[in-house]
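The block underneath contains the structure these notes are about, expressed in structure tokens.
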Amino acid sequence: MDAIGVTHLGWPGVGSVEAVASAAGDDAVVLEAPSEGRVGRGGGAGSGRGRDGGGRGRDGGGGRGRDRRDRRDSRRERTVVVELPEELPETVAVVKAGADSVRGHRRVREVAAGRRWLVRADGFWQVHPAAPDALVTAVTEALAPQPGESVLDLYAGAGLFAGVLASAVGEYGRVVAVESDRGACDDARRNLRDTPWASVVVGRVDSALSSGLPEPVDLVVLDPPRSGAGAAVVRAVASRSPRAIAYVACDPAAFARDVATFAEVGYALQRVRAFDAFPMTHHVECVGTLIRS
């Protein structure tokens, strides 16, 4: 963070600054406009922007991890001109939240599950560098995917779980990833190019489940925002009769509510694994395995 300059450079006209240092060595800053305006191109070295979900979050606002995922959908464009610090290294990409890059590439490369993933600098990706591999392993163990099986990946983000599960089920299987954020869907399509049996659906999960997604399916993974999936999504998932469900959760209370609803529709919680993905905070990431009771 010090090398990027976030901690000691001045950022006039910027509401917040987020630094991104990817596992593949890409550096970027995401500039968030203050409440009265949008980051725009200015004089001097350039301009700035702000970032998601979820990141990669889902309702608008700062934070690359879960908070970003919870806020990305409500982000609004505003107009404000800023000037980048002259001391900002030229190797650091600069991105406006929810908009085009100002300097360098808009996407950074992340590394997980033995391969690289392209993710928008202001998109959702786990904050802890070890979290993607840990969660992929937990989800794969929970679902035990077999060649030829069909999978739904709900709240799919940049396609991390979809990509790993597509490789597991093979070309005779099928994976459908559902994500409401269009930028994340663009990332997912790029990341799934080598597995054409995996497709991406843009839209809210509740709407997609009620309008044309395949049923039944063999496996479901869902990674909802902090508020949880909710009863309607839980019931729609159960109606497809998957043999196993992997639920990735960042809020234990929302997870418990959804697990109770799953129990009402015939799915029992078999196992829960907890991960300290947010060190020195009270937050914990969980992966629950649910099977038909």
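In this text, residue positions in the sequence shown follow full-length UniProt numbering: the first is 1, and each later residue adds one.
Cβ coordinates follow ideal geometry from the N, Cα and C atoms, glycine included.
- Beta-bridge annotation (DSSP): G13 is not paired with any residue.
- Segment contact: the stretch 114-131 against the stretch 22-31, three or more CB-CB distances shorter than 8 Å; contact assigned.
- Within 10 angstroms of the beta-carbon of R226 lie 16 or more other beta-carbons, which makes it buried.
- Annotated three-state conformation of G183 is helix, per DSSP.
- Distance from the CA of V169 to the CA of W125, rounded to the nearest whole angstrom, comes to 24 Å.
- Note: E110 is bridge-paired with W117 in the DSSP secondary-structure output.
- By the criterion of a C-beta distance shorter than 8 Å, R243 is surrounded in its chain by D218, L219, I291 and R292, once the five residues flanking it on both sides are discounted.
- Between the stretch 160-169 and the stretch 136-150, the count of Cβ pairs shorter than 8 Å is three or higher; the stretches touch.
- With fewer than 16 other beta carbons inside 10 angstroms of its own, D194 counts as exposed.
- Taken in chain order, the complete alpha helix (DSSP H) segments of 4 or more residues contained in the stretch 210-240 are 231-238.
- For A274, the enclosing beta strand (DSSP E) has its first and last residue at Y267 to F275.
- Distance from the CA of H128 to the CA of A277, rounded to the nearest whole angstrom, comes to 6 Å.
- The alpha-carbon separation between E179 and Y155 amounts to approximately 5 Å.
- Just so you know, the alpha carbons of E86 and E215 end up roughly 55 Å apart.
- If you draw a 10 Å sphere on the C-beta of A112, you find 16 or more other C-beta atoms in it, and that means buried.
- Cβ neighbours of V233 within its own chain (closer than 7 Å, five residues either side excluded): V205, D206 and L209.
- R257: member of the alpha helix (DSSP H) spanning P252 to E264, first to last residue.
- In this structure, D258 places its C-beta atom within 8 Å of the C-beta atom of Y247.
- The alpha carbon of R120 has as its nearest neighbour, out of F255, A131, R106 and H283, the alpha carbon of R106.
- Distances from the alpha-carbon of P224 to those of R109, G10, P12 and E285 put E285 closest.
- Residue pairing from DSSP leaves S167 without any beta-bridge partner.
- In the DSSP assignment, A249 falls within the beta strand (DSSP E) that extends over A244 to A249.
- Here S150 is buried. Its C-beta has 16 or more other C-beta atoms within 10 Å.
- For T140, the enclosing alpha helix (DSSP H) covers residues A131 to L143.
- Assignment of beta-bridge partners to D27 by DSSP yields A21.
- In the three-state reduction of the DSSP assignment, L160 falls in the helix class, which pools H, G and I.
- For R182, the closest alpha carbon among the candidates G288, A236, G157 and A198 is that of G157.
- In the three-state scheme derived from DSSP, where H, G and I count as helix and E and B as strand, D122 is classed as coil.
- DSSP places A188 within a helical segment (H, G or I) once states are collapsed to three.
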